[in-house]
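The opening residue of the sequence shown carries number 0 in numbering that gives the first Met the number 0; numbering runs sequentially from there. Worksheet: one structure, shown below.
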Amino acid sequence: MEIDRFFPSSKTCSYCLYQMFDMPLDVRKWTCLSCGTHHDRDENAAKKIRAEGIRQLLVSGTRTTAQRGEVSQKGGCKSVLRHSPVNSEVLTTAPRESR
0 MEIDRFFPSS
10 KTCSYCLYQM
20 FDMPLDVRKW
30 TCLSCGTHHD
40 RDENAAKKIR
50 AEGIRQLLVS
60 GTRTTAQRGE
70 VSQKGGCKSV
80 LRHSPVNSEV
90 LTTAPRESR
């Protein structure tokens with residue numbers, strides 16, 4: 000799966016989906032002008048990329064379930080994913096996080 004390079008992941012609020020028009024790269028923390036949610040730029044981008052990936056999987060009719068991963072030699076965690084068909088009635092939006 001691939002997310003478009005210009006997908007506005009770091010400047011779109013993961014809570015209300017409001018998109019900031021201009022955000023220089025040196026801005027690491029920001030507050031949404033629409034809902035007031037405070038964001039760390041990288042954490043917010045990770046949430047948006049995850050939600051977009053799930054959206055793409057749902058559109059393609061695939062469900063991904065993360066299971067227990069194995070720890071790699073470098074100390075990270077290897078993700079184990081299982082893909083299976085999903086009912087077309089499943090919601091296509093990710094759940095909202097609390098403020």
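Just so you know, even glycine gets a beta-carbon here, dropped at the ideal spot from N, CA and C.
Spatial neighbours of residue i in its chain, beta-carbon cut-off 7 angstroms, leaving aside the 5 residues before and after
| i | result |
| --- | --- |
| Arg40 | Ser9, Val26, Arg27, Lys28 and Trp29 |
| Lys47 | Ser8, Thr11 and Ser13 |
| Ala44 | Ser8 and Ser9 |
Status (buried if at least 16 other CB within 10 Å, exposed otherwise) for residue i
| i | result |
| --- | --- |
| Leu90 | Residue placement at Leu90 is flagged as unreliable, the pLDDT there being 48, under the threshold of 50; the coordinate-derived value follows with that caveat. With fewer than 16 other Cβ atoms within 10 Å, it is exposed. |
| His38 | buried |
Host beta strand (DSSP E) of residue i (start-end)
| i | result |
| --- | --- |
| Lys28 | Lys28 to Thr30 |
| Asp3 | It is not in any beta strand (DSSP E) - Asp3 carries neither H nor E in the DSSP assignment. |
CB contact below 8 angstroms: residue i versus chain B
| i | result |
| --- | --- |
| Tyr14 | Checking the listed chains, one finds no chain B in this structure; it contains a single protein chain. |
Own chain residues within Cβ distance below 8 angstroms of residue i, not counting five before or after
| i | result |
| --- | --- |
| Tyr17 | Thr11, Cys31, Leu32, Ser33 and Cys34 |
Neighbourhood of residue i by C-beta, 6 angstroms cutoff - its chain only, sequence neighbours within 5 removed
| i | result |
| --- | --- |
| Ile2 | Ile48 and Glu51 |
| Met22 | Lys10 |
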